[in-house]
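Notes follow the structure.
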Amino acid sequence: EKCKLIQVESPEKGAEKFYQLIKEELEHNRLHVLGLATGSTMIPVYKKLTESELDFSDVTTFNLDEYVGLPASSPNSYAYFMNEHLFNKKTFKETNIPDGTAENLEEECKRYEQALQDAKLDIQLLGVGENGHIAFNEPGTPKDSVTHVAQLTDSTLGVNSQYFENDEKIPNTALTMGIASIMSAKKLVLLAFGEKKRPAIEKVLEGKIDPDWTITYLLEHGNVTIITDLEF
Ligand code: GLP
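Listed below in structure tokens is the structure:
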């Protein structure tokens with residue numbers, strides 16, 4: 002089975018599924034390192050987790066990506082998003098997000114990738130961009146990519162800038178886990194809600210790797226669950 006598809010009625014039901022999955026992994030003592038994602042898709046997911054009884058005090062987290070130049074104090078940074086939606090409400094053993102304000106970005110990417118490989122991801126949570134990107138692995142990103150500085154495409158800048166507050170300009174670069182970094186996780190869970198995500202999920206269902214739709218690399222993983230409210 003290439004990718005397991007779970008069809009749900011709504012994003013809230015999808016969040017419920019993810020919660021159940023995480024609960025089971027915690028109960029079986031199989032969840033020590035959890036990869037996290039940002040974006041509007043994750044808001045109901047983190048809401049469900051924070052309202053739950055789940056204990057994450059023994060779980061270390063790694064986020065997928067962060068904008069270059071945005072400190073955790075910027076409401077537009079992914080660090081801020083994570084604090085607001087999850088980390089301020091639940092206690093974790095340790096949380097990691099690439100530092101987009103690092104003086105030497107290449108060094109920061111190397112450091113982050115090493116920490117990731119040392120820790121070993123049990124589960125990586127993923128969303129997907131409208132152009133099929135996972136994390137900030139834009140179309141054409143190679144399969145062997147590790148954590149790197151990514152140039153964002155006009156399409157992604159257009160979609161993501163809608164959420165930018167306080168007239169802050171969206172950075173056109175970001176630090177992101179690469180495809181190989183993501184694929185190193187034992188289990189991948191991707192959430193996709195709404196018609197705008199249909200083309201990306203359709204590409205996966207077609208079953209062929211297409212580097213212009215980086216989501217299709219997931220076909221090579223072997224333990225992928227896609228939770229979606231789309232019907233196919
Ligand atoms: C950003 C993130 C991705 C995320 C995507 C979708 O580009 N880097 O990791 O999957 O947004 O965001 P949304 O959930 O808001 O549709």
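The UniProt record's numbering puts the sequence shown at residues 2 to 233.
Beta carbons are placed, not taken as given, at the ideal position from N, Cα and C, and that holds for glycine.
Every value quoted in this text rests on a predicted model; they were computed, and no experiment measured them.
Within the same chain, and ignoring the five residues on either side of alanine 181 in sequence, the residues whose Cβ sits closer than 8 angstroms to its Cβ are Lys144, Asp145, Ser146, Val147.
Taken in chain order, the unbroken stretches of alpha helix (DSSP H) that lie wholly in the stretch 105-180 and span 4 residues or more are 106-120, 155-162.
Taking the Cβ of valine 46 as the reference point, every heavy atom of ligand 1 lies at 7 angstroms or farther away. Lysine 188 has Ile124 as its beta-bridge partners, per DSSP. Sequence-distant partners of lysine 198 (beyond 5 residues in either direction) whose C-beta falls short of 8 angstroms from its own C-beta, in its chain, are Val129, Glu131, Thr229, Leu231. Collapsing the DSSP output to three states places isoleucine 210 in coil. DSSP places lysine 49 in the uninterrupted alpha helix (DSSP H) bounded by 43-52. Glycine 101 is not a Cβ neighbour of histidine 149, given a cutoff of 8 angstroms. Restricting attention to Phe137, Gly195, Ser53, the CA atom closest to the CA of serine 11 is found in Gly195. Here glycine 223 is exposed: its Cβ has fewer than 16 other Cβ atoms, across all protein chains shown, within 10 Å. A distance below 8 angstroms separates the beta carbons of leucine 37 and leucine 126. In this structure, tryptophan 214 and alanine 201 form a Cβ contact; the two beta carbons are roughly 7 angstroms apart against a cut-off of 8 angstroms. Short note on glycine 101: C-beta not closer than 7 angstroms to any heavy atom of ligand 1. Under the Cβ criterion (8 angstroms, minimum of three pairs), the stretch 35-51 counts as touching the stretch 3-17.
Below 8 angstroms, too few C-beta pairs join the stretch 108-123 and the stretch 158-171 to call them touching: fewer than three. Beta-bridge partners of tyrosine 79 (DSSP): none assigned. Assignment of glycine 15 by DSSP, reduced to helix, strand and coil, places it in the helix class.
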